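Residue numbers (my numbering), protein chains in the order written: chain A, 68 to 473; chain B, 130 to 360.
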């Protein structure tokens, strides 16, 4: 009966209930849209880091992380291949790379570049490298020409068909020297990449660095990135710890992780401001509701309802209102977020430049991850329940005679 | 006849206002089973305060209210809620029905709080509504009933749980003559048939004319306590 009483009370004054439900609903919608945008942007950055640089996991020589030189190129042994294969479907594909700094020159011009020896079909799968081609052609594994970034081409005045001369430090003190025909030019949005990258087929780069069958890293792209820590541990168990180490992208990019953590802290502050504002909004409607109903509370107490039972009725009403508001908020928030997920907001001017500087597409992305809806709904639900303690407190402190006479 | 309520040296002073008000002054009264009593007196004489105190809705400043051998003046609030629920029925001037419940649900409500079996509760609620002439309004909400009908539901609610006595605070004040007579007929009949002790506070001469005992309060003290023979 108390359950029925609470439920019917909600619909006795529909307008009052709808105002409270609406305040909860709007709080949920706002929280969902905010967190969807924040998480979408973060995911966009993480995806960019993963696909353009580190991948989800990397197998490296155990010394390379602390001393990133060609001397710590790892042997791409059967042990490494077997260890990766042992994880089965958990690994979508692997991307082998050998890479290092070189001096590039043409005629009397020279500049520092970053040489990447890659398998183009693997890079395409990971980051659609070929799609960045703006002139010429992308090499395939058997080719022997170089593809260079646009900035490198401009600074060294290199055009298709010209020869780029590379000079660097090879494996175990060998001098790495070679000259390669420029077969293609790539355009990168990030200036750091556009002004430094030079690509060679993996075999050519290994020969150039005098490191045949060696890699700087074997990148592993995972089916479920949330399992990266667990898979890194399993993989490490299968490898000789004396020679190999497995790093997650977070370990490889600690500065980015710290930046994300700082940003998350800012977002949390902003979110809590939103929650507090929403909480006060809900509190305002609850206070009005309680004061409109003091007489009714007094009546219920005077006819025999215990204070605890009245508090339960109030709590049930808050529970119902909160649940309805949260569900309505999720239902209303999902299409908004889904629309933005499929139609990211195009940024322009300075904001677009900032995104490009970060190597990102100049779009504001949204996330539709289910946990956003769950946690934002749950947070507002808990806030509404906490606010709903006000009528409960009132029930325990009410002077029933004056309330009933009111 | 057994004593249902006994008050001794009952006083109530309201101190939460600028000048303390002595609403009750040393009231010593006994009410016996089956009595039909009207508490009368001018406005501010302490009628409602007296009902609130003997009904356990308010605490006396001094004195005792003994019901069924228990002094409720010193009882803790949590116990008092239970005691009130099991021993006392209330009828209020403003009916005080629960607007979201139907007539039968309103009548069942007290029995529900007493944890009575559902079937018995429904049977008794229907029986009481029949007794007050509302068997055709079982599933109607208070807003669809007239004032007189609402007060009859309130009477049915007060009596359904078979309390030791019923306190009625100006129950006819908001009713027209016909509804008031109708209600008084019902209450007088139930008083006789079920031997229920009824205590009214009232200004209404129609109630006073029905009462077999009339207690007059003046300035919080008993001025007269008269007994009458009525049919």
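Heads up, the beta-carbon is just placed ideally off N, CA and C, and yes, glycines get one too.
Predicted model only: the values in this text are computed from it and were never measured.
- Taking a beta-carbon distance threshold of 8 Å, residue 418/A does not count as an interface residue toward chain B.
- C-alpha of residue 321/A to C-alpha of residue 135/A: approximately 16 Å in a straight line.
- Contact with chain A is absent for residue 268/B, since none of that chain's Cβ atoms lies less than 8 Å from the residue's Cβ.
- At a cut-off of 8 Å between beta-carbon atoms, residue 242/B makes contact with chain A.
- Our two residues, residue 69/A and residue 316/A, have alpha carbons roughly 55 Å apart in a direct line.
- Proximity of residue 372/A to chain B, defined by a Cβ-Cβ separation below 8 Å, is satisfied.
- Under the three-state reduction of DSSP, residue 350/A is assigned to helix.
- Per the coordinates, the alpha-carbon of residue 116/A lies some 33 Å from the alpha-carbon of residue 399/A.
- Here residue 133/B is actually not in contact with residue 217/B; their C-beta atoms are around 10 Å apart, not less than 8 Å.
- Taking the CA atoms as reference points, residue 190/A sits about 6 Å from residue 196/A.
- Within the stretch 171 to 188 of chain B, 181, 186, 187 place their CB atoms closer than 8 Å to a CB of chain A, listed in sequence order.
- Around the C-beta of residue 304/A, fewer than 16 other C-beta atoms lie within 10 Å, and the residue is accordingly described as exposed.
- According to the DSSP assignment, residue 319/A belongs to the alpha helix (DSSP H) that extends over 316 to 319.
- For residue 73/A, the uninterrupted alpha helix (DSSP H) run begins and ends at 69 to 79, by DSSP.
- Taking all protein chains in view, the Cβ of residue 174/B is crowded by 16 or more other Cβ atoms within 10 Å, so the residue is classified as buried.
- Of all alpha-carbon atoms in 439/A, 86/A, 124/A, 105/A, the one lying nearest the alpha-carbon of residue 287/A is that of 124/A.
- Nearest C-alpha to residue 164/A among 109/A, 270/A, 261/A, 415/A: 270/A.
- In this structure residue 126/A touches residue 285/A by the C-beta definition: roughly 4 Å separates them, less than 8 Å.
- Interface residue (Cβ-Cβ distance to chain B less than 8 Å): residue 467/A is classified as such.
- If you look at residue 345/B, you'll find it in the beta strand (DSSP E) that goes 342 to 347.
- Taking C-beta separations shorter than 8 Å and ignoring five residues to either side along the sequence, the partners of residue 131/B in its chain run 161, 162, following chain order.
- Residue environment for residue 441/A: exposed (fewer than 16 other C-beta atoms within 10 angstroms of its C-beta).
- Under the Cβ distance rule, residue 149/B does not count among the residues neighbouring chain A, no pair being separated by less than 8 Å.
- Using a Cβ-Cβ cut-off of 8 Å, residue 225/B counts as an interface residue toward chain A, since at least one Cβ of chain A sits closer than that to its own.
- A direct Cα-to-Cα measurement between residue 137/A and residue 148/A gives close to 21 Å.
- Contact residues of the stretch 351 to 366 of chain A toward chain B are 366 (C-beta to C-beta distance below 7 Å).
- Beyond the five residues adjoining it in sequence on each side, residue 102/A comes within less than 6 Å, by CB distance, of 439, 443 in the same chain, given in chain order.
- Not a single CB atom of chain A sits nearer than 8 Å to the CB of residue 146/B.
- By the Cβ neighbour-count rule, residue 290/B is buried, with 16 or more other Cβ atoms within 10 Å of its own.
- When the Cα atoms are used, residue 262/B and residue 273/B turn out to be separated by approximately 16 Å.
- Using a Cβ-Cβ cut-off of 8 Å, residue 238/B counts as an interface residue toward chain A, since at least one Cβ of chain A sits closer than that to its own.
- Proximity of residue 76/A to chain B, defined by a Cβ-Cβ separation below 8 Å, is satisfied.
- Rounded to whole angstroms, the Cβ separation of residue 225/B and residue 369/A is 7 Å, and the two are in contact under 8 Å.
- Non-local beta-carbon contacts of residue 81/A in its own chain, meaning distances under 6 Å to residues more than five positions away in sequence, are absent.
- Residue 322/B and residue 351/B have their C-alpha atoms spaced approximately 30 Å apart.
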